[in-house]
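Enquirer: Pasting in a structure now, in structure tokens, and then I'll have a few things to ask.
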Amino acid sequence: MKIPASSVRLRLTIWYTLALALIVLAFSLAVFLFVKDRLFRQFDRGMAKEFAAFAIEVAEDAGSFSDIESQGAPSLFEVFQGGALVFRSASFRKAGLPEPSGVPAAGIRTERSRDGGRFRLLAEPVKSDRFLVVAQDEESVWNTLQTLLAILYLALPAALLLAALGGYVLAGRLLAPVGAMARQAAKIGAENLSERLSVANPDDEFGKLAAVFNQTLTRLQNAFERLQRFTADASHELRTPLTALQSVGEVALQENLDTAAYRDRIGSMLEETSRLTNLVESLLVLTRADSGRFQVNRKPTDIGALVGKAVEDMRVLAEERNQKLTADLASGIQIPVDGDLLRQAMVNILDNAIKFTPPGGMIAVVVEDRPGVVGIEVRDSGPGIPADHQDKIFDRFYRVEKDRPRDAGGVGLGLAIAKWAIEANGGRIELESREGQGSTFRIVLPK
Ligand code: ADP
Numbered sequence: 005m006k007i008p009a010s011s012v013r014l015r016l017t018i019w020y021t022l023a024l025a026l027i028v029l030a031f032s033l034a035v036f037l038f039v040k041d042r043l044f045r046q047f048d049r050g051m052a053k054e055f056a057a058f059a060i061e062v063a064e065d066a067g068s069f070s071d072i073e074s075q076g077a078p079s080l081f082e083v084f085q086g087g088a089l090v091f092r093s094a095s096f097r098k099a100g101l102p103e104p105s106g107v108p109a110a111g112i113r114t115e116r117s118r119d120g121g122r123f124r125l126l127a128e129p130v131k132s133d134r135f136l137v138v139a140q141d142e143e144s145v146w147n148t149l150q151t152l153l154a155i156l157y158l159a160l161p162a163a164l165l166l167a168a169l170g171g172y173v174l175a176g177r178l179l180a181p182v183g184a185m186a187r188q189a190a191k192i193g194a195e196n197l198s199e200r201l202s203v204a205n206p207d208d209e210f211g212k213l214a215a216v217f218n219q220t221l222t223r224l225q226n227a228f229e230r231l232q233r234f235t236a237d238a239s240h241e242l243r244t245p246l247t248a249l250q251s252v253g254e255v256a257l258q259e260n261l262d263t264a265a266y267r268d269r270i271g272s273m274l275e276e277t278s279r280l281t282n283l284v285e286s287l288l289v290l291t292r293a294d295s296g297r298f299q300v301n302r303k304p305t306d307i308g309a310l311v312g313k314a315v316e317d318m319r320v321l322a323e324e325r326n327q328k329l330t331a332d333l334a335s336g337i338q339i340p341v342d343g344d345l346l347r348q349a350m351v352n353i354l355d356n357a358i359k360f361t362p363p364g365g366m367i368a369v370v371v372e373d374r375p376g377v378v379g380i381e382v383r384d385s386g387p388g389i390p391a392d393h394q395d396k397i398f399d400r401f402y403r404v405e406k407d408r409p410r411d412a413g414g415v416g417l418g419l420a421i422a423k424w425a426i427e428a429n430g431g432r433i434e435l436e437s438r439e440g441q442g443s444t445f446r447i448v449l450p451k
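The number in this note's numbering is simply the position in the sequence shown, starting from 1, with 4 added.
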């Protein structure tokens, strides 16, 4: 099996094994030192006990010490009297310990023999003005310690190897969902954006990651569907005036008409062309808005004056329909806005009010200075907007009555553009309307 250098699984296993090796090494060292200390304490206690019993015999001996030596225990000892060595057992001589230069210091210590052996020496004065040194080979203690070391040497690598293998398997199992998620995610494309990653345990880290990824997919899918709908709707709306243009042209060519009739046909074609131009312009505005690169150019602007100008520009349309268009505009409110965008929003809202309000109706525009905000209201006595359509009329291409003649309504982009233009200025647009009782569009701009 080939493990890539960047494998998280391998890195986890290596770090885990290294950490474990350090812990186990420290633990083994502690165990070794503890056992060594215990063994030597026990050894020293044994020696001290033996020394105490032996010291009585040495104190009572007549001076030859050979009887005690022949009794055997302890076999390694030497006796000093009057500052000089008076007896050394045969075993002591054989042990090859260094010759003492005088009476050794009292206490317990370790000395090395000539052949490298380690001996524990206990030296204390005893009665009869004698000084006794008893020695004992430490070999048994060191044998035990070496056995312990051998066990540790063998057991440590084996334990680490097992732990590394176990860690590798465990890391593999823990990380398996990541691989599965990557494989699933790799299969998701534009054609199957509705697929989602399976979430085994939504509460663990991987589950949370998968959930976040799924939410991102949902947002992408929504955006993608919106874009598809937009393209389909735009194509559909573009086709209608184009078809009209083509059929008017074709029919005019087939007929033998006088100049006035031709002018009439050309007039119809120009009407369709202007409809087409308006549509393309609206589409361009929305495409630029969607690109997120639209530069909003805010400058201190007198809102009353701006709205008044838009009302005057539209007045001729209202007059054509015998509508009463009034304006009550607070003056002198200067706030930083993108004037072109706000004007576009006002024109779209006013255009709707004029379009949908029956001839002879009334339209009132009010600009109000309120605490912290500026309110712009466009109220009409039109047909109103049914409650179940109210939250959708700001959507692109949304029209309340789809089959309304195209002359009466546009393509359903006016309010979408108005909403975007107002939000780009930091404001919001609200609608208050009841079917049969007119509509009020309210723009709220922060100061
Ligand atoms: P349109 O191009 O159709 O005017 P809009 O986005 O401007 O598109 O408006 C969407 C729909 O909202 C319109 O088709 C219309 O049904 C409804 N609407 C907008 N303004 C009014 C209004 N003042 N009175 C009644 N209905 C309106």
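Glycine included, each C-beta is placed from N, C-alpha and C at the ideal position.
Taking the straight line between their C-alpha atoms, what separation do you get for Ala-248 and Ser-239?
Expert: Looking up residue 248 in the sequence shown gives position 244. Looking up residue 239 in the sequence shown gives position 235. Answer to the nearest angstrom: the Cα atoms are 14 Å apart.
Enquirer: Nearest to Arg-118 by alpha carbon, out of Asp-133, Leu-101 and Ala-59?
Expert: The residue you call residue 118 lines up with position 114 of the sequence shown. With distances taken between Cα atoms, Arg-118 lies closest to Leu-101.
Enquirer: Here's the rule: buried if 16 or more other CB atoms are within 10 angstroms of the residue's CB, otherwise exposed. What is Gln-140?
Expert: As a first step, residue 140 must be located in the sequence shown, where it is residue number 136. Buried, by the Cβ-count rule.
Enquirer: Given 7 Å as the limit, tell me if Glu-275 has its C-beta closer than that to any heavy atom belonging to the ligand ADP.
Expert: Walking along the sequence shown from the start, residue 275 turns up at place 271. Checking the Cβ of Glu-275 against the ligand ADP gives no.
Enquirer: Which residue marks the beginning of the beta strand (DSSP E) containing Thr-330, and which one marks its end?
Expert: Here the question's residue 330 lines up with position 326 in the sequence shown. Element bounds for Thr-330: 328-333.
Enquirer: So what does DSSP say about Ser-437, is it helix, strand or coil?
Expert: Locating residue 437 in the sequence shown gives position 433, counting from the first residue. DSSP places Ser-437 in strand when its eight states are reduced to three.
Enquirer: Short of 7 Å in beta carbon distance, which residues of its chain neighbour Ala-215, apart from the five on each side in sequence? Order them along the chain.
Expert: What you label residue 215 is simply residue 211 of the sequence shown in a count that begins at 1. Excluding sequence neighbours, Ala-215 sits near Val-203 and Pro-206.
Enquirer: Do the region 171-186 and the region 25-39 make contact, defined as three or more Cβ pairs closer than 8 Å?
Expert: Because the criterion of three Cβ pairs below 8 Å is not met, the region 171-186 and the region 25-39 do not touch.
Enquirer: Let me confirm a value: Ser-443 is counted as buried when at least 16 other C-beta atoms fall within 10 Å, else exposed. Which label applies?
Expert: Numbered from 1 along the sequence shown, position 439 holds the residue referred to as residue 443. Buried.
Enquirer: At a cut of 8 Å, does the region 59-66 reach the region 105-115 through at least three beta carbon pairs?
Expert: No, the region 59-66 does not touch the region 105-115.
Enquirer: Less than 7 Å separating the Cβ of Leu-419 from some heavy atom of the ligand ADP?
Expert: Numbered from its first residue, the sequence shown carries residue 419 at position 415. Within the cutoff, so yes.
Enquirer: With DSSP as the reference, identify every bridge partner of Lys-303, one or two as the case may be.
Expert: For the purposes of this step, residue 303 is identified with residue 299 of the sequence shown, where counting begins at 1. Its beta-bridge partners are Val-341.
Enquirer: Where does Arg-297 fall in DSSP's three states?
Expert: Within the sequence shown, the letter at position 293 stands for residue 297. Residue state, collapsed to three classes: coil.
Enquirer: Would you say Asn-457 touches the ligand ADP, meaning its beta carbon is less than 7 Å from a heavy atom?
Expert: Because the chain in this structure spans residues 5 to 451, residue 457 falls outside the shown range and cannot be described.
Enquirer: For the ligand ADP, is there a heavy atom less than 7 Å away from the beta-carbon of Asp-384?
Expert: By 1-based counting over the sequence shown, the position of residue 384 is 380. Yes, the Cβ of Asp-384 comes within 7 Å of a heavy atom of the ligand ADP.
Enquirer: Taking the straight line between their C-alpha atoms, what separation do you get for Tyr-20 and Leu-164?
Expert: Here residue 20 corresponds to residue number 16 of the sequence shown, with the count starting at 1. Here residue 164 corresponds to residue number 160 of the sequence shown, with the count starting at 1. The straight-line gap from Cα to Cα measures roughly 10 Å.
Enquirer: Short of 6 Å in beta carbon distance, which residues of its chain neighbour Ala-110, apart from the five on each side in sequence? Order them along the chain.
Expert: Position 106 of the sequence shown, counting from 1, holds the residue named residue 110. For Ala-110, where only same-chain residues beyond five positions count, the Cβ hits under 6 Å are Ala-127 and Glu-128.
Enquirer: If you count every other CB in all the chains shown that lies within 10 Å of the CB of Thr-330, and 16 or more means buried, which is it?
Expert: Here residue 330 is taken as the residue at index 326 of the sequence shown, counted from 1. Looking at its Cβ environment, which holds fewer than 16 other Cβ atoms inside 10 Å, Thr-330 is exposed.
Enquirer: I'd like to confirm something about Arg-403: is its beta-carbon nearer than 7 Å to some heavy atom of the ligand ADP, or not?
Expert: Translated into positions along the sequence shown, residue 403 becomes position 399. Arg-403: yes, Cβ under 7 Å from the ligand ADP.
Enquirer: Is Asp-407 buried or exposed, if buried means 16 or more other CB atoms sit within 10 Å of its CB?
Expert: By 1-based counting over the sequence shown, the position of residue 407 is 403. Only weak support is given to the placement of Asp-407: the predicted model assigns it a pLDDT of 49, under 50, and the value that follows is read from those uncertain coordinates. Result: exposed.
Enquirer: For chain C, is any of its Cβ atoms less than 8 Å away from the one on Gln-232?
Expert: The question asks about chain C, but that chain is absent: this structure has only one protein chain.
Enquirer: Give me the Cα-Cα distance between Ala-368 and Thr-361, rounded to the nearest whole angstrom.
Expert: Residue 368 sits at position 364 when you count from the first residue of the sequence shown. Residue 361 sits at position 357 when you count from the first residue of the sequence shown. Approximately 12 Å, taken between the alpha carbons.
Enquirer: Under a three-way DSSP split, which group does Asp-407 fall into?
Expert: Working through the sequence shown from its first residue, we reach residue 407 at position 403. Summary for Asp-407: the model assigns pLDDT 49, below 50, so the residue's position carries little reliability, and this model does not support an answer.
Enquirer: Rounded to the nearest angstrom, what separates Gly-211 and Leu-169 at their Cα positions?
Expert: Here residue 211 is taken as the residue at index 207 of the sequence shown, counted from 1. Here residue 169 is taken as the residue at index 165 of the sequence shown, counted from 1. If you take the alpha carbons of Gly-211 and Leu-169, they lie about 26 Å apart.
Enquirer: Let me know if Ala-162 comes out buried or exposed under the rule of 16 or more other beta-carbons within 10 Å of its beta-carbon.
Expert: Along the sequence shown, one-based indexing puts residue 162 at 158. Counting Cβ neighbours within 10 Å, Ala-162 comes out exposed, since fewer than 16 surround it.
Enquirer: Does the distance from the C-beta atom of Pro-104 to that of Leu-80 stay below 8 Å?
Expert: If you number the sequence shown from 1, residue 104 lands on position 100. If you number the sequence shown from 1, residue 80 lands on position 76. Going by C-beta atoms, Pro-104 is not nearer than 8 Å to Leu-80.
Enquirer: Exposed or buried, what is Thr-4 when buried is set at 16 or more other beta-carbons lying within 10 Å of its beta-carbon?
Expert: As shown, the chain starts at 5 and ends at 451. That puts residue 4 outside it, with no answer to give.
Enquirer: Excluding sequence positions up to five away, which residues of its chain have a Cβ less than 8 Å from the Cβ of Lys-313?
Expert: Here residue 313 corresponds to residue number 309 of the sequence shown, with the count starting at 1. The answer, listed in chain order, is Arg-347.
Enquirer: Just the Cα atoms here: how many angstroms apart are Gln-46 and Lys-98?
Expert: Here the question's residue 46 lines up with position 42 in the sequence shown. Here the question's residue 98 lines up with position 94 in the sequence shown. Taking the straight line joining both Cα atoms gives about 26 Å.
Enquirer: Does the Cβ-Cβ distance between Val-300 and Leu-345 come in under 8 Å?
Expert: As a working mapping, residue 300 is identified with position 296 in the sequence shown. As a working mapping, residue 345 is identified with position 341 in the sequence shown. Yes. Within cutoff.
Enquirer: Who are Glu-128's beta bridge partners in DSSP?
Expert: Within the sequence shown, numbered from 1, the residue matching residue 128 stands at position 124. Beta-bridge pairing links Glu-128 to Leu-136.
Enquirer: Per DSSP, Arg-113 is paired with what?
Expert: Within the sequence shown, the letter at position 109 stands for residue 113. Note: Arg-113 sits in a beta bridge opposite Leu-125.
Enquirer: How many Å lie between Phe-445 and Glu-275 at the Cα?
Expert: As a working note, residue 445 is residue 441 in the sequence shown. As a working note, residue 275 is residue 271 in the sequence shown. When rounded, the distance between both Cα atoms is 29 Å.
Enquirer: Determine the DSSP secondary structure at Ser-239, reduced to helix, strand or coil.
Expert: The residue given as residue 239 occupies position 235 in the sequence shown. It is helical.
Enquirer: Of the choices Asp-342, Gln-327, Ser-272 and Asn-282, whose alpha-carbon is the least far from that of Thr-305?
Expert: For the purposes of this step, residue 305 is identified with residue 301 of the sequence shown, where counting begins at 1. Out of Asp-342, Gln-327, Ser-272 and Asn-282, Asp-342 has the C-alpha closest to the C-alpha of Thr-305.
Enquirer: According to DSSP, Val-371 sits in a beta bridge with which residue or residues?
Expert: For the purposes of this step, residue 371 is taken as residue 367 along the sequence shown, with counting starting at 1. DSSP lists Leu-333 and Ile-380 as partners of Val-371.
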